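Have a look at the structure below, then the notes.
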Amino acid sequence: DPHWYPARQSLRLDPKGKPLRDEEILQELPVGTTATFYFRDLGAQISWGTVFLIECIGPLVIYLLFYFRLPLIYAPKYEFTASKHLVVPIACVCHSFHYMKRIVETLFVHRLSHSTMPLRNIFKNCSYHWCFAAWMAYYINHPLYTPPYYGEKQVKAALAIFLFCQLGSFSIHMALRNLKLPSCKIKKIPYPTKNPFTWIFALVSCPNYTYELGSWLGFTLMTQCVPVLFFTVVGFIQMTVWAKGKHRSYLKEFKEYPTLRSPILPFIL
Amino acid sequence: MASGEEDGTVEEKETNNKKRTKGTIATAWLTFYNIAMTAGWLVLAVAMVRYYLQKGTHKGLYRNIARTLKFFQTFALLEVGHCAIGIVRTSVIVTGVQVCSRIFMVWFVTNSIRQIQNEESVILFVVVWTITEITRYSFYTFNLLNHLPYFIKWARYNMFIVMYPLGVIGELLTIHASLPYVRRSGMYSLRLPNKYNVSFDYYYFLIIVMLSYIPLFPQLYFHMLRQRRRVLHGEIIVEKDE
């Protein structure tokens, strides 16, 4: 049935066992002269790259709708007006930069190990990012927005943190890309390179999440906005779950894995 | 028997003993809890009937039973804990949602918005809750004591068919009645500008709560219907064999 394209197929040797990986070869499987495979339909699939792109383009566009104060969002007298606070355009640039960087990374940097995910996930992922983006953008670009308590000092410090972490995040993504050669699917332990931003690999398994947390903490400090704090906390919880999982699989895969490393926060978590 | 084998069985016996003690403590606690809750809701029922017989009206009835209602309904939070630690085999989420919706009604609607306390819809859902809870808690009690009269089982798995929708109607009408007072007083709301750069409007929040009944109520209702079919269906099979 042409309806079940390969990405949608899950084959196992044992109905309760783990699904077979794409790269496994029939000759290497523990089967005799005949083999029984158990098939499962994973449902409609969509590529990870596509999901990431749609996930990121949404917030990018949505935030700008609020920044330019398009009609129907705020009171009519504020349509197409600009905020008098300096921090508001700075925040817009940062938010947009963050998502543009993500789009670039999805297109050119990431070498994704799983090729697809169930179609249902796109609704979950997109509504999460899109709704939060709208919620944050509404308040930051609101005519009654209150700038940070410590004024310019706070914004400058927050901006520095944000940029530092964005550079860090990019460095980590590049370092992870260089680990994965397109031909072989051998897994390797990431180590610090000449780039100082990667030195954090000595203490953390998933520094990409660490830098991401740092970026959003910077953004929270810059905008002093509770919805941003909320988004940062929820994101942190999710990334910690992912980091712990990745850390555990590193430990399982490599016996010589450095014991000093923590999943996401040095020495703490 | 070789001494090695004896050591193994001794260890096994110890863990089994620990499990059995934990099981007995759990059963004892749950029996006490369910008896206490049955008694509590019975007290509420009696108080309501007495008030109505004495005064002939439902006005002021809520104020009269408010403290008892709040106490026993809040105590039900423990049930979420029971599911979480596993001594009751129900989903934490289902229990959590049900208890939270009750707590929300009692503390954040009828308790805080005094003007609606004499509405008929309040009496409707309080009566429904009382009947439902007395049935439910006595069902659990008798179950734990292994002496379940058939009529209690029948009541538990059939009355909800009518009680549940009636309760929902009572709750929704009450929230709806409270809306103008919430809007006027601006209670539980945070307006802009403020240094947190966030706002919250309790009025719109209540509207969202009302709308959330649309997806949530059918799910809980069908969950109960499925449980009912499972219990009664299982019973039919046993009778056939005999």
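Chain order of the listed sequences is A and B. Take the first sequence: its position 182, counting from 1, is numbered 182 in UniProt numbering, and each next residue is one higher. Take the second sequence: its position 127, counting from 1, is numbered 127 in UniProt numbering, and each next residue is one higher. Just so it is clear, CB atoms sit at the ideal spot from N, CA and C, and this is done for glycine as well. Here the structure is a predicted model, which is why all the values come from computation and not from measurement.
**Message:** Any beta carbon of chain B sitting closer than 9 angstroms to that of HIS129 (chain A)?
**Reply:** Residue numbering aside, residue 129 (chain A) sits at position 129 when the first sequence is read from its first letter. Not one chain B Cβ lies under 9 angstroms of HIS129 (chain A).
**Prompt:** Can you list, in chain order, the stretches of the alpha helix (DSSP H) that have 4 or more residues and sit fully within the segment 138–166 of chain B?
**Reply:** 150–158, all fully within the segment 138–166 of chain B.
**Item:** Rounded straight-line distance, which links the Cα of SER115 (chain A) to that of HIS3 (chain A)
**Value:** As a position in the first sequence, residue 3 (chain A) is number 3, starting the count at 1. As a position in the first sequence, residue 115 (chain A) is number 115, starting the count at 1. Cα-Cα distance, rounded: 18 angstroms.
**Request:** Taking C-beta pairs closer than 7 angstroms, name the residues in chain B that residue 272 (chain A) reaches, listed in chain order.
**Result:** Only positions 1 to 269 of chain A appear in this structure, which leaves residue 272 (chain A) out of reach.
**Prompt:** Where does VAL204 (chain A) fall in DSSP's three states?
**Reply:** Counting from one through the first sequence, the residue named residue 204 (chain A) turns up at place 204. It is a strand residue.
**Prompt:** By DSSP, does MET48 (chain B) sit in helix, in strand, or in coil?
**Reply:** For this step, residue 48 (chain B) is matched to residue 48 along the second sequence. Of the three classes helix, strand and coil, the one that applies to MET48 (chain B) here is helix, per DSSP.
**Residue environment, ALA91 (chain A), which counts as buried when at least 16 other CB atoms sit within 10 Å** = Taking the first residue of the first sequence as 1, we reach residue 91 (chain A) at position 91. Buried, by the Cβ-count rule.
**Request:** Would you list, in sequence order, the uninterrupted alpha helix (DSSP H) runs of no fewer than 4 residues that lie entirely inside the segment 53–124 of chain B?
**Result:** 61–75, 78–85 and 92–103
**Against chain B: residues of the segment 202–216 of chain A by CB proximity under 9 angstroms** = none
**Message:** Quick check: does the Cβ of ILE152 (chain B) come within less than 8 angstroms of any heavy atom belonging to the ligand COA?
**Reply:** Inclusion of the ligand COA in the displayed structure is not the case, the ligand content being empty and no account of it being possible.
**Message:** Helix, strand or coil, according to DSSP, for THR9 (chain B) in the structure here?
**Reply:** For the purposes of this step, residue 9 (chain B) is taken as the residue at position 9 of the second sequence. In this structure, THR9 (chain B) counts as helix in the three-state DSSP scheme.
**Asked** Would you call the CB atoms of ASN34 (chain B) and LYS70 (chain B) closer than 9 angstroms?
**Response** Position 34 of the second sequence holds residue 34 (chain B). Position 70 of the second sequence holds residue 70 (chain B). Cβ atoms of ASN34 (chain B) and LYS70 (chain B): not closer than 9 angstroms.
**Prompt:** Can a CB atom of chain B be found closer than 9 angstroms to the CB of PRO227 (chain A)?
**Reply:** Taking the first residue of the first sequence as position 1, residue 227 (chain A) is located at position 227. Yes, PRO227 (chain A) lies at the interface with chain B (some Cβ there is under 9 angstroms from its Cβ).
**Asked** Whose C-beta lies closer than 7 angstroms to the C-beta of TRP41 (chain B) among residues of the same chain, with five residues either side of it excluded?
**Response** Start at 1 with the first residue of the second sequence, and residue 41 (chain B) comes out as number 41. Cβ within range, chain order: PHE72, THR130, GLU133, ILE134 and TYR137.
**Asked** Exposed or buried, which one is GLN219 (chain B) when buried takes at least 16 other CB atoms within 10 Å?
**Response** In the second sequence, counting from the first residue as 1, residue 219 (chain B) sits at position 219. Flag for GLN219 (chain B) reads exposed.
**Request:** Go ahead and label GLN166 (chain A) buried or exposed: buried means 16 or more other beta carbons lie within 10 angstroms of its beta carbon, across all protein chains shown.
**Result:** In the first sequence, the residue the question calls residue 166 (chain A) occupies position 166. With 16 or more Cβ atoms within 10 Å of its Cβ, GLN166 (chain A) is classed as buried.
**Asked** Would you say ASN34 (chain B) faces chain A, with C-beta separation under 9 angstroms as the test?
**Response** Residue numbering aside, residue 34 (chain B) sits at position 34 when the second sequence is read from its first letter. Not an interface residue.
**Neighbourhood of LEU42 (chain A) by C-beta, 6 angstroms cutoff - its chain only, sequence neighbours within 5 removed** = Along the first sequence, one-based indexing puts residue 42 (chain A) at 42. The residues are ARG8 and SER10.
**Prompt:** Any residues in the segment 183–195 of chain B with a beta carbon nearer than 7 angstroms to a beta carbon of chain A? Which ones, in chain order?
**Reply:** LEU192, PRO193, ASN194 and LYS195
**Prompt:** Roughly how many angstroms separate the alpha carbons of LEU232 (chain B) and THR27 (chain B), rounded to a whole number?
**Reply:** Translated into positions along the second sequence, residue 232 (chain B) becomes position 232. Translated into positions along the second sequence, residue 27 (chain B) becomes position 27. Each residue's Cα considered, the two are about 25 angstroms apart.
**Request:** Check the C-beta distance from PHE104 (chain B) over to GLY167 (chain B) and give it rounded, since I have them as a contact under 8 angstroms.
**Result:** Translated into positions along the second sequence, residue 104 (chain B) becomes position 104. Translated into positions along the second sequence, residue 167 (chain B) becomes position 167. Actually they are not in contact, since the Cβ atoms of PHE104 (chain B) and GLY167 (chain B) sit about 14 angstroms apart, beyond 8 angstroms.
**Message:** In this structure, how does DSSP classify GLN224 (chain A) when only helix, strand and coil are distinguished?
**Reply:** Translated into positions along the first sequence, residue 224 (chain A) becomes position 224. It is coil, neither helix nor strand.
**Asked** Any idea what DSSP makes of MET136 (chain A), helix, strand or coil?
**Response** As a first step, residue 136 (chain A) is located in the first sequence; it is residue number 136 there, counting from the start. It is helical.
**Message:** Between which residues of its own chain and ALA202 (chain A) is the CB-CB distance below 6 angstroms, once the five residues before and five after are set aside?
**Reply:** Locating residue 202 (chain A) in the first sequence gives position 202, counting from the first residue. Correct list, in chain order: PRO192.
**Asked** Are any of the Cβ atoms in chain B nearer than 9 angstroms to that of THR146 (chain A)?
**Response** For the purposes of this step, residue 146 (chain A) is taken as residue 146 along the first sequence, with counting starting at 1. Yes, its Cβ sits closer than 9 angstroms to a Cβ of chain B.
**In chain order, each alpha helix (DSSP H) run of at least 4 residues that lies wholly inside the segment 225–263 of chain A** = 226–253
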